[in-house]
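When you read off a place in the sequence shown, starting at 1, and then add 6, the result is the number in my numbering. Quick reminder that beta carbons are idealized off the backbone N, C-alpha and C, glycines included.
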Amino acid sequence: MNYSSIHGIHKSIRFGYEVSYDSTWELVMFLKFDSDPNILSYKREPFHINYIFNNKKRKYFPDLLVTYMNCSKELIEIKPASQCLDPLNIAKWDAARRFCQLRNIRFVVLTEKEIFKKS
């Protein structure tokens with residue numbers, strides 16, 4: 007499935023809330039979360055992380071924060087594999103890794119390879 011910038015609202019029956027999405031890949035992940043019994047909750051763009059790129063202060067809004075039943079948390083960014091070497095993304099993700107390390111949160115970038123992996 008190709009990455010596409012579509013916008014919509016996913017109504018999670020399991021969690022009882024609505025969450026907006028900006029791509030088909032985000033929607034696919036929401037559907038996976040809804041059926042995963044290990045997931046307690048998820049939030050889209052839960053907060054921002056400050057970082058510097060080209061000597062300019064910026065704000066990064068990660069895609070998802072997932073909380074698992076065992077109380078562990080995972081911050082997720084969804085991106086096409088073709089964008090993983092972009093210097094701007096690398097700067098964002100370096101800041102996210104530092105942020106997460108201080109808070110005992112796992113940071114992961116998911117590409118089409120992980121999202122559509124056959125189990």
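Run of the alpha helix (DSSP H) containing residue i, from where it starts to where it stops
i: S41; result: T30 to S41
i: L108; result: P93 to R109
i: E118; result: E118 to I121
Member of the options whose CA lies at the smallest distance from the CA of residue i
i: L81; options: D92, I58, E24 and N110; result: N110
i: N123; options: M35, Y23, E24 and G22; result: Before going further, note that residue 123 is Lys rather than Asn in the sequence given. The shortest Cα separation from K123 among M35, Y23, E24 and G22 belongs to M35.
i: I84; options: C77, P93 and L71; result: L71
Beta-carbon proximity list for residue i, same chain, < 8 Å, skipping 5 on both sides
i: G14; result: S26, Y27 and L33
i: Y74; result: N44, I45, L46 and E80
Spatial neighbours of residue i in its chain, beta-carbon cut-off 6 Å, leaving aside the 5 residues before and after
i: D40; result: S18 and R20
Nonlocal neighbours in the same chain, by C-beta distance under 7 Å from residue i, ignoring five residues either side
i: I12; result: S29 and T30
i: Q89; result: N95
i: K98; result: Y57 and Y66
N-terminal and C-terminal residue of the beta strand (DSSP E) that residue i is part of
i: K65; result: K62 to Y66
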